[in-house]
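Chemist: Okay, handing you the structure first.
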Amino acid sequence: MTTSEESSNYSIQTRLVISFSILLFVFLGLTGVVLDRAFRNSVEAGAAERLQVQIYLLLGAAEVSDGEFYFLEDLREPKFSQLNSGLYGFISRPSLGELWRSDSALAFSLADPQVLRQPVQVGETQSSKTLSAEGDEYFVLSYGILWEDGISEYSFTVIEDAAPYYSEISNFRTSLWSWLGGVALLLLLIQFFLMRWGLSPLHRMARDLKQIESGEKNQLAGNYPQELQRVTNNLNVLIETERKQQARYRTTLGDLAHSLKTPLAVIAGTMQTLSSSKADDKEQLDAVDEQLARMNQIVSYQLQRAVQTNNRSSLARQVQVKPVAEKVLDALAKVYRDKSVSLVKLLDEDAVFYGDERDLLEVLGNVLDNAFKYGRGEVSIRASVENHDSSGLQIVIEDNGPGISIEKQEYVLQRGARADTLVQGQGIGLAVVTDIVGSYGGTIEVGSSNLGGAKITMRFVSTRQGS
Amino acid sequence: MRLLVVEDESLLREQLQQGLAKQGYVVDVAEDGKSGLYYATEYDFDAAIIDLGLPEIDGISLIQQVRAAGKEYPILILTARGDWQDKVAGLDAGADDYVVKPFQLEEILARLNALLRRAAGFAKPKLEFGQLSLDITAKRLLVDEEAVDLTAYEYKMLEYLMLHPGQVISKTELTEHLYAQDYDRDSNVLEVFVRRLRQKLDPDQTLKPIETVRGQGYRFSLEES
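Sequences listed follow chains A and B, in order. Per our numbering, the first sequence runs over residues 1 to 467. Per our numbering, the second sequence runs over residues 1001 to 1225.
Next up, the structure:
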């Protein structure tokens, strides 16, 4: 099987699940990335704002004397005076480098001290990130000012440890993705149930079709959603057409049989009259008579065959064996009233034939007729359910007649034995039965009965099984 | 023995009529279900042969209506399709046997004989009454194991009487079952046949098999053996 065939085998449900899942993951993924980015930006912007405030604080408190900075009052931010607090203030000039650092920064060193020499335009803030000598990340905000003397330009720089911000971002990230994951799961679950609900009419249709196939239903009944209603309507029409066509086929063949057989009967009658009046031509007349009998046999056989072809493919119906068998037995009891046949019948109530009633009638009629005809007053019929799952049917018909010889047994079991090869006088009954049984995928066995005569065993397997 | 043949195919109908008449049956024919129903219910027959595929009223309905009208004579169906659906339906409707087309006349005759015999309540192919034995298949009479020659009409009359033993059969009934419709019923030919039969069956006047019931008709009065 090629890949394209495999992919075309995916069920609609699988297709929808896969496409919806892809959609879900792309959507939620992008949402996550965008939210993450936005939060990060907002945290960084918040940090920059905070640093700006610290710069103003330093600016407000700073005094210069002889190029030296000092602070008259305590800085209102205690972190500036607490060693290694993570918030460090610097005052520098690009030309001179660092001029002052806060108490907190006494043990702090930058990986790149040039950061403090970066020239910053007066009145501008410059924000960046840098690394400490230990490799930790820091936010840097520098502000360029022109001192009161109107000449000196200084840079006020505040450096703050980025770790608390990053841990905030990472916390946010953890909770963001776990929420999104939860939402994804929830949506998948909802989607699964929606899908089941949405696709349930299709499942129902499949179930209904199976029931039609097994003969439990005739039509796709009930209300289907608008989109399917047209399909089911068309299917119903198709099923009906198929049935009608089958019926028409049978009627046509029946008519054909009638129209062929009646002239044959007339010819046969004329032949009889001729042979009694023209004794001289007896030989020729006998030859014609023989051929006539043959024609009749061929017509009968081929018509019977034609009527029951392709049973298996058509929509099977189920027929209870017991009432059909009893109908045939009643009819035969009438015909063979003189014979006073003692009948043993074991007909299982549950025994069901999956097929056309006509075919079952034909099978039972032909085999039972032989049993009544050739039996010496004892006939037995058993119909039983076979297999543990009740899918099979076994019919056994026995009699106490002369039986069927081994050579003949093989012959009658040849499927589709042609009528023109049948021995004169041999009925077409068993040949027809063999064909019908074969057309249902069943088997037929001819053997010897304990009663002393023939034993015909037929086994059928339900078409339900395979489908 | 009076028979009704309902068959729409004219050639076949004629063949049947001729073949059966040759065997001594009185045959009425109908060519469709409607006239078949008329004959079947208006007249009394000993048996009917009905084709299943008939115009107007199909064979199955015809049989059902004949039975519904209370007619109990045996019915033999002719079926062209020969499938069991037809046979079972026909027998279920009230027919007694079937013959599949095309058929040999002998087959029809054999089935018909069996049906007539059965309808008269005889299980065996021979009607046996003491020294008298009538083989209705071979149409032969044995008296004390010796064959007795009968003319066609003598045979017909004896067969009819023996098939209805102990019953008083009127002259009209006998005429109807022995002769075609256009026969002159006033003739006293029946009495001639009865006299000749008595001589042939019972030359010594010891058995007295055929009784005359004054003003009513004749009765075959031997006990079946």
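Where a beta carbon is used, it is the ideal one built from N, C-alpha and C, also for glycine.
Give the single residue among ASP255(A), LEU58(A) and GLY29(A) whose Cα lies nearest to the Cα of ARG1081(B).
Modeler: ASP255(A)
Chemist: Report buried or exposed for PRO402(A), applying the criterion of at least 16 other Cβ atoms within 10 angstroms of its Cβ.
Modeler: Here PRO402(A) is exposed, its C-beta having fewer than 16 other C-beta atoms within 10 Å.
Chemist: Please check if any C-beta of chain A sits within less than 8 Å of the C-beta of LYS1126(B).
Modeler: Not one chain A Cβ lies under 8 Å of LYS1126(B).
Chemist: Mind listing which residues of the region 392-409 of chain A have their C-beta closer than 9 Å to chain B's C-betas, in chain order?
Modeler: none
Chemist: Answer with buried or exposed for ASP208(A), where buried requires no fewer than 16 other C-beta atoms within 10 angstroms of its C-beta.
Modeler: buried
Chemist: Taking GLY1094(B) and GLN1064(B) to be in contact with their CB atoms under 8 Å, please state how far apart those CB atoms are, rounded to whole angstroms.
Modeler: 6 Å
Chemist: Considering just the uninterrupted stretch of the beta strand (DSSP E) at GLU395(A), what are its terminal residues?
Modeler: Note that residue 395(A) corresponds to Ile in the displayed sequence, not to Glu. First-last of the beta strand (DSSP E) with ILE395(A): 392-399.
Chemist: Considering only the beta carbon of each residue, do GLU1159(B) and LEU1197(B) sit closer than 8 Å?
Modeler: no
Chemist: Taking all protein chains shown into account, do 16 or more other C-beta atoms lie within 10 angstroms of the C-beta of TYR88(A), making it buried, or fewer, making it exposed?
Modeler: The residue in question, TYR88(A), is buried, as its Cβ has 16 or more Cβ neighbours within 10 Å.
Chemist: Can you have a look at VAL471(A) and say buried or exposed, based on whether 16 or more other CB atoms are within 10 angstroms of its CB?
Modeler: Residue 471(A) is absent from the model: chain A starts at 1 and stops at 467.
Chemist: Can you check whether the C-beta of PRO1102(B) is within less than 8 Å of a C-beta belonging to chain A?
Modeler: Against chain A, the CB of PRO1102(B) has a partner CB under 8 Å away; the residue lies at that interface.
Chemist: Below 9 Å between beta carbons is the criterion; list the residues of the region 268-281 of chain A that meet it against any residue of chain B, in chain order.
Modeler: ALA268, GLY269, THR270, GLN272 and THR273
Chemist: Only counting the same chain, and skipping five residues up and downstream in sequence, which positions put a Cβ closer than 8 Å to that of LYS327(A)?
Modeler: Cβ neighbours of LYS327(A) beyond the five flanking positions: LEU361.
Chemist: Would VAL1009(B) count as contacting chain A if we go by Cβ distances under 8 Å?
Modeler: One point to set straight first is that residue 1009(B) is Glu, not Val, in the sequence displayed. Closer than 8 Å to the CB of GLU1009(B) there is at least one CB belonging to chain A.
Chemist: For a quick check, are the C-beta atoms of VAL122(A) and LEU146(A) less than 8 Å apart?
Modeler: yes
Chemist: For chain A, is any of its Cβ atoms less than 8 Å away from the one on LYS1071(B)?
Modeler: no
Chemist: In the DSSP assignment, the alpha helix (DSSP H) including LEU195(A) goes from what residue to what residue?
Modeler: A quick correction: the sequence has Met, not Leu, at residue 195(A). Taken as a continuous stretch (DSSP letters only), the alpha helix (DSSP H) holding MET195(A) covers 163-214.
Chemist: Should ASP330(A) be labelled buried (16 or more other beta-carbon atoms within 10 Å of its own) or exposed?
Modeler: exposed
Chemist: On a Cα-Cα basis, can you pick out the residue from THR1206(B), GLU1191(B) and GLY1070(B) that is closest to GLY1215(B)?
Modeler: GLU1191(B)
Chemist: On the DSSP bridge assignment, give the partners of ARG1002(B) in chain order.
Modeler: VAL1026(B)
Chemist: Work out the CA separation of LEU1161(B) and LYS1208(B) for me, nearest whole Å.
Modeler: Whole-angstrom Cα-Cα distance: 13 Å.
Chemist: VAL1099(B) to ASP1149(B), Cα distance in whole Å?
Modeler: In this structure, the alpha-carbon of VAL1099(B) lies about 32 Å from that of ASP1149(B).
Chemist: Helix, strand or coil: how does DSSP classify GLN424(A) here?
Modeler: Since pLDDT at GLN424(A) reaches only 41, below the 50 mark, its modelled position is unreliable, and no value is offered.
Chemist: Given that LEU1105(B) touches chain A, what residues does it touch there, using C-beta distances under 7 Å?
Modeler: Scanning chain A for C-beta atoms nearer than 7 Å to the C-beta of LEU1105(B) yields GLY269 and GLN272, reported in chain order.
Chemist: For TRP179(A), which residues of its own chain have a beta-carbon under 8 Å away from its beta-carbon, when the five flanking residues on both sides are left out?
Modeler: none
Chemist: Does the separation of the CB atoms of GLN394(A) and THR457(A) fall below 8 Å?
Modeler: yes
Chemist: For VAL64(A), which three-state DSSP category applies?
Modeler: strand
Chemist: Just the C-alpha distance for GLN1017(B) and VAL1005(B), rounded to the nearest angstrom, thanks.
Modeler: 8 Å
Chemist: Determine the DSSP secondary structure at THR270(A), reduced to helix, strand or coil.
Modeler: helix
Chemist: Nearest by alpha-carbon distance to SER380(A): which of GLU227(A), GLY67(A) and PHE372(A) is it?
Modeler: PHE372(A)
Chemist: What is the rounded straight-line gap between the Cα of ASP103(A) and the Cα of THR157(A)?
Modeler: 14 Å
Chemist: Could you tell me whether the region 167-174 of chain A touches the region 189-203 of chain A, using the rule of 3 or more Cβ pairs below 8 Å?
Modeler: With the cut-off at 8 Å, the region 167-174 of chain A and the region 189-203 of chain A do not touch.
Chemist: Please list, in chain order, the residues of the region 332-351 of chain A that have any C-beta partner in chain B closer than 7 Å.
Modeler: Hits within the stretch, in order: LYS334, VAL335, ARG337 and ASP338.
Chemist: Using a 10 Å radius around the Cβ and a threshold of 16 neighbouring Cβ atoms, would you call ARG248(A) buried or exposed?
Modeler: exposed
Chemist: I want to know whether the region 1112-1123 of chain B touches the region 1042-1054 of chain B - three or more CB-CB distances under 8 Å.
Modeler: yes
Chemist: Who are the near neighbours of SER142(A) in its chain, counting only those whose CB is closer than 6 Å to its CB and skipping five residues on each side?
Modeler: VAL120, GLN126, SER155 and THR157
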